[in-house]
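*Asks:* The sequence shown begins at 2 in our numbering and counts up one residue at a time.
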Amino acid sequence: MTIAHARSHINGNDVPQLLTVVHGASGTGKSTAVRALKKRFDNLLLTRLLVIMSPSTAGTMLLGDDASAITCSWLDTLSRRCSTLEGSSPSMLFGGVNVILFGDFHQLPPLRGLDSLWSPRLGVTGTFAQFNTAFTLEHQQSKADNWSKLGNLIRIGGVTDTICNELNKVALYITPFSALNTLPSPHENPVYITTCPRRRRAWNARQAEVFARTKETTLYFSAADDEFVFNSFLRLHVEDLYKLKTSAEKHATLPCSVPLCFGMPVTIDNGLWGTVEDIVVDERETLPTPRNERTLLHFPVSEVRVRIADALVRSGASPKRFLTVHTKSVIFRVPVSKDGTEAVDVCRCQVPLLPRFAMLERETVGQKFNDVILDTTNGLLDFLSPYNAISRVRRGGKLAITSPLLACGWGRFAHPEQLKKCIESIEVLATTNE
């Protein structure tokens, strides 16, 4: 239907605007359908007509994945923007652009309790209420197991005493959170999902130490705020570093790595800890191009000097107070002509990245993991969606919880009555257009 609609548009036919909702539980193939549509558009050389909005991955066709997370006011704003870009009347939804929304209100309710796509304030005048076609995906693509069954029960009825008892039976139980520093991980490479940034940092720090002990790597950085930054451009120059050392900020960015700061705590080989004491920059500034012209290139960090923690030195854990870490060299190509036909090979230095062992709930959208440890220190009330948290476990995967669960209702951001009306409106549309 979607492809035929796009073809009709290309052929200049007068076709009605497409406003469609595709609803379905986790694992029913919503994102797969988005990727399939994109591939189909690519094959037909119609990619220029397609725009995809998605946390998991102004054209003639607009696809929105995980659309349940957006609010009705945001959708109204998007509609007005499209109308402006298309030069259409504001009364024309999305400026006549065809829109397909993919989402599951149970899995990912609108953030912080804001109005969902169905709004008691806007009622039938809301943009979402004017979507005229709906489909509900029902076939479970993921293998049915304990997690998908329990997740679907939570999706429909919320977290009840019965559900909590079942989760407590089948989940690997670890208690308390502080004991995680002494107990072995229940899985080889588990992903820890929490709503608390402090516990997220603590888990990543502990796993960084374990990782450094088992891998042949000298140093792994763990930034103070535990936020990794990926950059594909060159940032640091030797003169810039000198300025940084005398400034209040005292930080730099390693290309394709993490924020590097003076005094930043780092994990060292054998599980030792220390702080960044000095940063050394490769002072080469220029390289000859194929035409023997000189191109200015700023090279990043080549060495990092780390001060071993005083407590570790006193305990005899390290024979020296300073450790120099040589960063790895990576070859990449830099274009020296505007059309990109001429390029020069450049040797860039970088520091190995620390794997992400712990994630906040909002960072897991659109992802699934083999092994999950769920932070249930405060039950499930702190989670945006208990169903979303449980459904992060991939087929046949393992789930661990940090504390026994008690019945806690829907969670702090979801509104059962509002969600119910959203789902009912979708089901009515789907039934009408079967």
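Virtual Cβ for every residue (Gly too), placed ideally from N, Cα, C.
#1: Do Val23 and Phe132 count as a contact pair if the criterion is CB distance below 7 Å?
#2: Look up Ala390 in the DSSP assignment and say whether it is helix, strand or coil.
#3: Rounded C-beta distance between Cys197 and Leu406? I'm assuming under 8 Å.
#4: For Asp43, count neighbouring C-beta atoms within 10 Å of its own C-beta (all shown protein chains included) and say buried if the count is 16 or more, exposed if not.
#5: Our contact map puts Ser393 next to Val373 with C-beta atoms below 8 Å; I'd like the distance itself, whole angstroms only.
#6: Given a threshold of 16 other Cβ atoms within 10 Å of its Cβ, counted over all protein chains shown, does Gly88 qualify as buried or as exposed?
#7: Are the CB atoms of Leu361 and Ile402 within a distance shorter than 7 Å?
#8: On the premise that Gly152 lies in contact with Tyr388, defined as a C-beta separation below 8 Å, what is that separation, rounded to the nearest angstrom?
#9: On the DSSP bridge list, what partners appear for Asp279?
#10: Between the alpha carbons of Leu385 and Ile391, how many angstroms are there, rounded?
#11: What is the DSSP secondary structure of Asn99, counted as helix, strand or coil?
#12: So what does DSSP say about Thr365, is it helix, strand or coil?
#13: Output the distance between the C-alpha atoms of Phe136 and Asp105, rounded to the nearest integer angstrom.
#14: Is Asp43 helix, strand or coil by DSSP?
#15: Roughly how many whole angstroms lie between the Cα atoms of Thr377 and Thr163?
#16: Give me the residue from Ser404, Ser80, Phe370 with the minimum Cα distance to Pro191.
#17: Would you give the residue range spanned by the beta strand (DSSP E) that Phe132 belongs to?
#18: Report buried or exposed for Thr33, applying the criterion of at least 16 other Cβ atoms within 10 angstroms of its Cβ.
#19: Whose C-beta lies closer than 7 Å to the C-beta of Glu278 among residues of the same chain, with five residues either side of it excluded?
#20: Compute the distance between the beta-carbons of Thr365 and Ile194, then report whether it is under 7 Å.
#21: What is the rounded straight-line gap between the Cα of Thr85 and the Cα of Gly398?
#22: Have a look at the DSSP bridge pairing and note the partners of Ala359.
#23: Measuring CA to CA, which of Arg363, Pro17, His140, Ala203 is closest to Leu94?
#24: When the Cα atoms are used, what is the spatial distance from Ser80 to Gly96?
#25: Please report the distance separating the alpha-carbon of His140 from that of Glu167.
#26: Give me the DSSP bridge partner(s) of Ile374.
#27: Flag this pair as yes or no: are the beta carbons of Leu154 and Gly25 separated by less than 7 Å?
#28: If I follow the unbroken beta strand (DSSP E) through His24, where does it start and stop?
#29: Check each candidate in Ser90, Cys83, Ala203 and name the one with the smallest Cα separation from Ala359.
*Replies:* In this structure, then:
#1: Sequence index remark: in the sequence shown, residue 132 carries index 131 (1-based). Sequence index remark: in the sequence shown, residue 23 carries index 22 (1-based). Not a contact, by the Cβ cut-off of 7 Å.
#2: Taking the sequence shown and counting its residues from 1, one reaches residue 390 at position 389. The answer is helix: DSSP assigns Ala390 an H, G or I state.
#3: Taking the first residue of the sequence shown as position 1, residue 197 is located at position 196. Taking the first residue of the sequence shown as position 1, residue 406 is located at position 405. Contact doesn't hold; Cβ gap of about 17 Å is too wide.
#4: Taking the first residue of the sequence shown as 1, we reach residue 43 at position 42. By the neighbour-count rule (16 or more Cβ atoms within 10 Å), Asp43 is not buried but exposed.
#5: Taking the first residue of the sequence shown as 1, we reach residue 393 at position 392. Taking the first residue of the sequence shown as 1, we reach residue 373 at position 372. Before going on, a small fix: residue 393 reads as Arg here, not Ser. Confirmed, Cβ separation roughly 6 Å.
#6: Walking along the sequence shown from the start, residue 88 turns up at place 87. With fewer than 16 Cβ atoms within 10 Å of its Cβ, Gly88 is classed as exposed.
#7: Position 401 of the sequence shown, counted from the start, is the residue given in the question as residue 402. Position 360 of the sequence shown, counted from the start, is the residue given in the question as residue 361. Not in contact: Ile402 and Leu361 (Cβ atoms no closer than 7 Å).
#8: Against the sequence shown, residue 388 aligns to sequence position 387. Against the sequence shown, residue 152 aligns to sequence position 151. Contact holds; Cβ gap of about 6 Å.
#9: Residue 279 sits at position 278 when you count from the first residue of the sequence shown. Asp279 is bridged to Arg306.
#10: Translated into positions along the sequence shown, residue 385 becomes position 384. Translated into positions along the sequence shown, residue 391 becomes position 390. Spanning the two alpha carbons is a distance of roughly 12 Å.
#11: Within the sequence shown, numbered from 1, the residue matching residue 99 stands at position 98. Asn99 falls in the strand class under three-state DSSP.
#12: Walking along the sequence shown from the start, residue 365 turns up at place 364. Three-state DSSP puts Thr365 in a helix.
#13: Along the sequence shown, one-based indexing puts residue 136 at 135. Along the sequence shown, one-based indexing puts residue 105 at 104. Using only the alpha carbons, I get a separation of about 12 Å.
#14: On the sequence shown, position 42 is the one that residue 43 refers to. Looking at Asp43 - three-state DSSP - the assignment turns out to be helix.
#15: By one-based count along the sequence shown, residue 377 stands at place 376. By one-based count along the sequence shown, residue 163 stands at place 162. When rounded, the distance between both Cα atoms is 17 Å.
#16: Position 190 of the sequence shown, counted from the first residue, corresponds to residue 191. Nearest C-alpha to Pro191: Phe370.
#17: For the purposes of this step, residue 132 is taken as residue 131 along the sequence shown, with counting starting at 1. Element bounds for Phe132: n/a, residue is neither H nor E.
#18: The residue labelled residue 33 in the question sits at position 32 within the sequence shown. Exposed.
#19: Looking up residue 278 in the sequence shown gives position 277. Closer than 7 Å at the Cβ level, and outside the excluded window around Glu278, lie Arg306, Val307, Arg308, Phe323.
#20: Sequence index remark: in the sequence shown, residue 365 carries index 364 (1-based). Sequence index remark: in the sequence shown, residue 194 carries index 193 (1-based). Yes, these two residues count as a Cβ contact at 7 Å.
#21: Position 84 of the sequence shown, counting from 1, holds the residue named residue 85. Position 397 of the sequence shown, counting from 1, holds the residue named residue 398. When rounded, the distance between both Cα atoms is 47 Å.
#22: On the sequence shown, residue 359 is found 358 positions in, with the first residue counted as 1. Beta-bridge pairing links Ala359 to Tyr193.
#23: Residue 94 sits at position 93 when you count from the first residue of the sequence shown. When only C-alpha atoms are compared, the closest one is Pro17.
#24: Here residue 80 refers to the residue found at position 79 of the sequence shown. Here residue 96 refers to the residue found at position 95 of the sequence shown. Cα to Cα, Ser80 sits roughly 7 Å from Gly96.
#25: Locating residue 140 in the sequence shown gives position 139, counting from the first residue. Locating residue 167 in the sequence shown gives position 166, counting from the first residue. Approximately 24 Å, taken between the alpha carbons.
#26: Working through the sequence shown from its first residue, we reach residue 374 at position 373. DSSP, once it has assigned bridges, lists Tyr193, Ala401 as partnering Ile374.
#27: In the sequence shown, residue 154 corresponds to position 153, counting from 1. In the sequence shown, residue 25 corresponds to position 24, counting from 1. No, the pair does not count as a contact, with Cβ atoms beyond the cut-off.
#28: In the sequence shown, residue 24 corresponds to position 23, counting from 1. Counting along the chain, the beta strand (DSSP E) containing His24 begins and ends at 20-25.
#29: Translated into positions along the sequence shown, residue 359 becomes position 358. Taking only the C-alpha atoms, the option nearest Ala359 is Ala203.
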